[in-house]
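The listed protein sequences derive, respectively, from chains Z and L. Residue numbers 7 to 320, in the working numbering, belong to the letters of the first sequence in order. Residue numbers 2 to 351, in the working numbering, belong to the letters of the second sequence in order. Heads up, the thing below is written out as structure tokens.
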Amino acid sequence: MGLAGSGRFDDAGVRCADPVVLDQWHPISALAEIAVDTVHKTLLLGEVVLYSIDGDGRPAIWRAAEHPFEAGESVRLETVTVRLPVLTQFGYLWCCLGSPPQKLFEIAEFDEPDRRSLNAASIMVATSAPRAIENFLDMGHFPYVHTGLLGIEPRTEVVEYQVELRDGELWATECEFYQPVAAASAVGGQMSQYTYRVPQPYVVMLYKSVPTDPSRRDVIALFVQPMTQELSRAHNFLCMVDDTCTDNVLKRFQQVIFSQDKPILENQLPKRLPLDPLAETSIRADKSAIMYRRWLLELGITYAVIPVAEVGEP
Amino acid sequence: VTVEATASSAWYPIARADDVVPRHVYHGQLLGAELAVWRADDGFLNVWENRCLHRGVRLSIGLNEGQELRCIYHGWRYANRTAGCVYIPAHPADAPAQTICNRTFPALERYGLVWTNIGPDAGYPSFASLDSGDPFPLRALPFNAPMDLVVARLADYRFRAIADTTTKANADSPAAMDPEANARPAADAVQGADAGLAAMHAPGSRSPDDVVAQGDRHLEPRAAEAESTVLFFVQPVDAARSVVRGVLAQPPTEADRMTVLRYHATELARVREAVELEATALQSHVHPRELSTRVVPASASPVGREAAGYPVRAGDADLDDAGGRGSPEARSQGTTSQDAAVRDPAVRAL
Numbered sequence: 007m008g009l010a011g012s013g014r015f016d017d018a019g020v021r022c023a024d025p026v027v028l029d030q031w032h033p034i035s036a037l038a039e040i041a042v043d044t045v046h047k048t049l050l051l052g053e054v055v056l057y058s059i060d061g062d063g064r065p066a067i068w069r070a071a072e073h074p075f076e077a078g079e080s081v082r083l084e085t086v087t088v089r090l091p092v093l094t095q096f097g098y099l100w101c102c103l104g105s106p107p108q109k110l111f112e113i114a115e116f117d118e119p120d121r122r123s124l125n126a127a128s129i130m131v132a133t134s135a136p137r138a139i140e141n142f143l144d145m146g147h148f149p150y151v152h153t154g155l156l157g158i159e160p161r162t163e164v165v166e167y168q169v170e171l172r173d174g175e176l177w178a179t180e181c182e183f184y185q186p187v188a189a190a191s192a193v194g195g196q197m198s199q200y201t202y203r204v205p206q207p208y209v210v211m212l213y214k215s216v217p218t219d220p221s222r223r224d225v226i227a228l229f230v231q232p233m234t235q236e237l238s239r240a241h242n243f244l245c246m247v248d249d250t251c252t253d254n255v256l257k258r259f260q261q262v263i264f265s266q267d268k269p270i271l272e273n274q275l276p277k278r279l280p281l282d283p284l285a286e287t288s289i290r291a292d293k294s295a296i297m298y299r300r301w302l303l304e305l306g307i308t309y310a311v312i313p314v315a316e317v318g319e320p
Numbered sequence: 002v003t004v005e006a007t008a009s010s011a012w013y014p015i016a017r018a019d020d021v022v023p024r025h026v027y028h029g030q031l032l033g034a035e036l037a038v039w040r041a042d043d044g045f046l047n048v049w050e051n052r053c054l055h056r057g058v059r060l061s062i063g064l065n066e067g068q069e070l071r072c073i074y075h076g077w078r079y080a081n082r083t084a085g086c087v088y089i090p091a092h093p094a095d096a097p098a099q100t101i102c103n104r105t106f107p108a109l110e111r112y113g114l115v116w117t118n119i120g121p122d123a124g125y126p127s128f129a130s131l132d133s134g135d136p137f138p139l140r141a142l143p144f145n146a147p148m149d150l151v152v153a154r155l156a157d158y159r160f161r162a163i164a165d166t167t168t169k170a171n172a173d174s175p176a177a178m179d180p181e182a183n184a185r186p187a188a189d190a191v192q193g194a195d196a197g198l199a200a201m202h203a204p205g206s207r208s209p210d211d212v213v214a215q216g217d218r219h220l221e222p223r224a225a226e227a228e229s230t231v232l233f234f235v236q237p238v239d240a241a242r243s244v245v246r247g248v249l250a251q252p253p254t255e256a257d258r259m260t261v262l263r264y265h266a267t268e269l270a271r272v273r274e275a276v277e278l279e280a281t282a283l284q285s286h287v288h289p290r291e292l293s294t295r296v297v298p299a300s301a302s303p304v305g306r307e308a309a310g311y312p313v314r315a316g317d318a319d320l321d322d323a324g325g326r327g328s329p330e331a332r333s334q335g336t337t338s339q340d341a342a343v344r345d346p347a348v349r350a351l
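Structure (structure tokens):
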């Protein structure tokens with residue numbers, strides 16, 4: 007499989023019928039990775055969408071069915087008349103297949119002048135978007151999946167933390183975990199302080215203590231593009247306080263971390279996230295995941311999840 | 002013609018005994034369910050549902066630590082024999098609740114194979130021609146075809162007489178084939194009471210009388226009185242896939258070994274080619290996703306509450322020889338079915 011965007015798609019597959027998910031902004035690509043006047047191709051909620059950007063930085067996204075092109079073809083965007091709603095924010099291209107909200111969630115740190123924002127990677131992972139979100143929210147796997155970096159035995163305990171719904175977003179606060187190498191810039195281990203935030207169902211962020219400046223917090227986010235119910239593309243956004251590491255060093259650290267998560271995610275069954283609280287065995291450390299599942303249930307989300315009523319039926 | 006009834010039709014082979022080596026976790030597949038098969042240091046053979054109770058990660062990618070199986074994701078440890086969770090690292094001071102116990106299935110080692118039974122209790126598998134001998138399992142061969150079709154076509158499998166067994170090359174050469182032998186009906190060609198070709202299948206799916214397909218194939222013996230017997234067991238991986246596991250009643254002599262093994266490998270591959278073409282034709286109108294849904298024999302109980310409700314895809318077992326063999330459409334593109342994505346028409350051509 008090649009990367010979405012340069013790949014080819016035979017068929018759009020099963021269309022999404024979930025109005026909650028359809029009416030959200032979803033990430034499509036990092037702006038920096040879109041070649042001017044060149045057609046790119048990807049999947050969003052089971053639909054083939056094409057996109058490009060012109061020489062003045064104006065983007066366009068459209069359904070392949072409306073204006074068919076092959077990926078890599080040249081395009082004059084003024085010929086593309088039937089377009090999808092588009093938004094550029096945080097260095098990414100966002101798209102909506104339904105009725106788009108007025109604006110996207112905010113990341114205040116994005117506007118701080120001494121921060122560096124970049125896309126660490128856009129990586130496809132063969133699981134549902136909410137499974138990827140839950141993995142990002144989870145601290146218990148640090149010593150086992152990110153051994154020697156984000157955690158190490160015997161310091162495996164997940165101490166109690168707080169989870170709440172705040173202004174329509176899910177927040178987990180007072181999170182703490184011992185990390186041998188917390189970031190690319192880290193020298194020696196630290197007790198990392200985390201705050202997690204889920205501003206919309208398939209977007210997750212964390213605010214994490216900066217190794218070189220305890221008064222500030224790095225922002226690391228996963229903008230997950232639900233390609234189909236069981237296939238995702240994770241766009242890893244960084245907004246860092248770091249004047250020592252090059253972009254490539256920052257990217258490489260995140261890519262190592264994600265490459266450790268990916269095979270785990272792809273061996274998780276079922277791929278869609280079960281919303282029944284009894285479907286899987288949760289423990290206190292999973293408080294954020296428990297709340298996340300409950301929240302998705304309350305929002306009425308049916309895409310990429312296993313609704314409660316479905317569990318137990320043949 | 003000998004027909005060996007399989008009274009214990011709920012038992013299926015899922016691995017060769019030597020697939021389950023020390024400190025390994027073997028990924029087994031049966032009737033659409035995935036199984037984690039591992040041997041503890043005390044020799045006990047565990048056959049478990051292949052999902053960690055916590056977050057559903059396959060236990061077959063976990064670690065066999067001798068007395069416990071450790072999940073790769075959060076380090077949860079499950080005990081040998083009971084499958085009870087004994088340690089949760091996120092809360093090291095707390096003993097896990099006793100209710101956290103994985104689903105287990107009975108295991109049996111016999112005829113060089115590992116057998117399990119995910120249905121109701123049934124007597125152990127027993128085959129007279131293997132009980133008296135020194136069974137020698139052949140290499141397993143995966144088929145992209147449903148069990149019933151494989152069983153039916155194996156029944157038509159014909160033995161090829163070898164004109165001159167002293168020239169081993171003959172066995173491998175199509176030129177040595179005897180078209181007459183291929184054309185002969187089974188009953189005419191049977192030359193030994195035990196020259197059998199057996200196949201097990203799902204309980205209730207066929208009457209016991211036709212459980213065993215009788216074959217007439219055997220290698221021409223060096224000594225006229227010697228017989229060569231092979232039984233084929235068909236393991237239903239899921240609704241669309243099977244694994245054929247042959248067992249020779251006696252190991253071939255050192256001198257004949259390569260000839261015999263290559264003979265069966267070649268012939269089975271030939272059968273597979275025809276069966277898979279037939280299966281593809283039969284199923285070309287079915288959406289690929291439907292082919293991977295689980296099947297449970299009518300009389301069998303579901304594999305755990307979760308598994309019953311979830312579509313379990315069994316696409317990437319490390320069957321000894323099956324690894325990397327994908328669905329026909331995946332193979333035709335030079336990819337494997339390691340990943341569900343290739344089965345999704347939306348992304349088949351990524």
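Positions of the beta carbon are idealized from the N, C-alpha and C atoms, including for glycine.
In angstroms, rounded to a whole number, what distance separates the CA positions of L51 (chain Z) and T133 (chain Z)?
Those two C-alpha atoms are separated by around 13 Å.
Specify the secondary structure class of Y208 (chain Z) as computed by DSSP and reduced to three states.
Y208 (chain Z) falls in the coil class under three-state DSSP.
Quick one: is V21 (chain L) near chain Z, going by C-beta distance under 8 Å?
No, its Cβ sits nowhere closer than 8 Å to a Cβ of chain Z.
Sequence-distant residues of its chain with Cβ nearer than 7 Å to Q266 (chain Z) (five each side left out)
Cβ neighbours of Q266 (chain Z) beyond the five flanking positions: V151 and H152.
For the pair the region 234 to 246 of chain Z and the region 125 to 145 of chain Z, tell me if three or more CB-CB distances fall below 8 Å.
Note that the region 234 to 246 of chain Z touches the region 125 to 145 of chain Z; at least 3 beta-carbon pairs, one per stretch, sit closer than 8 Å.
CA nearest to the CA of S288 (chain Z), picked from Z:N273, Z:S105, Z:E140 and Z:G194:
The residue with the shortest Cα to Cα distance from S288 (chain Z) is Z:E140.
Between H55 (chain L) and chain Z, is any beta-carbon pair separated by less than 8 Å?
True, the Cβ-Cβ gap to chain Z drops below 8 Å.
Assigned secondary structure, A299 (chain L) (DSSP; H/G/I helix, E/B strand, else coil):
Because the pLDDT at A299 (chain L) is just 32, under 50, the model does not fix this residue reliably, and the value given afterwards should be weighed accordingly. Coil.
Amino acids of chain L, ordered along the chain, whose beta-carbon sits closer than 8 Å to that of H147 (chain Z)
Y74 and H75, listed in chain order.
Since A11 (chain L) sits in a beta bridge, which residues does DSSP pair it with?
Within the DSSP bridge table, the entry for A11 (chain L) names no partner.
Against chain Z, with Cβ distances strictly below 8 Å, would V58 (chain L) count as a contact?
Judged by the 8 Å Cβ criterion, V58 (chain L) is in contact with chain Z.
Beta-carbon proximity of L281 (chain Z) to P232 (chain Z), cut-off 8 Å
No.
Own chain partners of V255 (chain Z) with C-beta closer than 6 Å, once the 5 adjacent residues on each side are dropped:
Cβ within range, chain order: A190.
Given this structure, state the Cα-to-Cα distance separating C53 (chain L) from N273 (chain Z), to the nearest angstrom.
Cα-Cα distance, rounded: 11 Å.
So if DSSP puts N47 (chain L) in a beta bridge, which residue, or which two residues, is it bridged to?
Its beta-bridge partners are L:W39.
Proximity test, Cβ basis, 8 Å: Y150 (chain Z) and chain L
Contacts with chain L at 8 Å (Cβ-Cβ) include Y150 (chain Z).
Between I101 (chain L) and chain Z, is any beta-carbon pair separated by less than 8 Å?
Interface residue, yes.
Chain-ordered chain Z contacts of I15 (chain L) [CB-CB under 8 Å]:
In chain order: nothing, as chain Z lies at least about 18 Å away.
Please name the residue or residues paired with V55 (chain Z) in a DSSP beta bridge.
The partner list for V55 (chain Z) (beta bridge, DSSP) reads Z:T48 and Z:R69.
Nearest chain L C-beta to N254 (chain Z) closer than 8 Å, yes or no?
No, because no Cβ of chain L sits closer than 8 Å to the Cβ of N254 (chain Z).
Secondary structure at S285 (chain L), three-state DSSP: helix, strand or coil?
Three-state result, S285 (chain L): coil.
Please look up how many angstroms separate the CB atoms of C102 (chain Z) and D24 (chain Z), rounded, as I've assumed it's under 8 Å.
Not a contact, Cβ separation roughly 13 Å.
The alpha helix (DSSP H) with V27 (chain Z) in it runs from where to where?
Looking at the DSSP string, the run of the alpha helix (DSSP H) that includes V27 (chain Z) is P25 to L28.
Kindly list, in the order they appear in chain L, the residues whose Cβ is closer than 7 Å to that of I289 (chain Z).
Within chain L, the residues I89, A91 and H92 have their CB atoms less than 7 Å from the CB of I289 (chain Z), given in chain order.
Taking contact to mean 3 or more Cβ pairs, one atom from each stretch, closer than 8 Å, check whether the region 119 to 130 of chain L and the region 54 to 62 of chain L are in contact.
With the cut-off at 8 Å, the region 119 to 130 of chain L and the region 54 to 62 of chain L do not touch.
R52 (chain L) at chain Z interface by Cβ criterion, 8 Å:
The Cβ of R52 (chain L) sits closer than 8 Å to at least one Cβ of chain Z.
Note down, in chain order, every chain L residue with its Cβ under 9 Å from the Cβ of L303 (chain Z).
Residues of chain L passing the Cβ test: none, with the nearest at roughly 16 Å.
Within the 8 Å Cβ cut-off, does L275 (chain Z) reach chain L?
Chain L contact via Cβ: present.
Step through the CB atoms of chain L and report whether any lies within less than 8 Å of the CB of T162 (chain Z).
Using a Cβ-Cβ cut-off of 8 Å, T162 (chain Z) counts as an interface residue toward chain L, since at least one Cβ of chain L sits closer than that to its own.
Taking just the CA atoms, how far does S133 (chain L) sit from A291 (chain Z)?
In a straight line, the C-alpha of A291 (chain Z) is about 56 Å away from that of S133 (chain L).
Report the rounded CA-to-CA distance for A80 (chain L) versus D257 (chain L), giving the unit in angstroms.
Each residue's Cα considered, the two are about 44 Å apart.
I want to verify the contact list: residues of chain L whose CB lies under 8 Å from the CB of E286 (chain Z), in sequence order.
From the beta-carbon of E286 (chain Z), the residues of chain L found nearer than 8 Å are L54, H55, R56, G57 and E307.
Should I263 (chain Z) be flagged as near chain L, meaning a C-beta pair shorter than 8 Å?
For I263 (chain Z), the answer is no, since every Cβ of chain L falls outside 8 Å of its Cβ.
Identify every residue that forms a DSSP beta bridge with D239 (chain L).
Beta-bridge pairing links D239 (chain L) to L:R242.
Answer with buried or exposed for L155 (chain L), where buried requires no fewer than 16 other C-beta atoms within 10 angstroms of its C-beta.
Buried.
Exposed unless 16 or more other CB atoms sit within 10 angstroms - verdict on R104 (chain L):
Counting Cβ neighbours within 10 Å, R104 (chain L) comes out buried, since at least 16 surround it.
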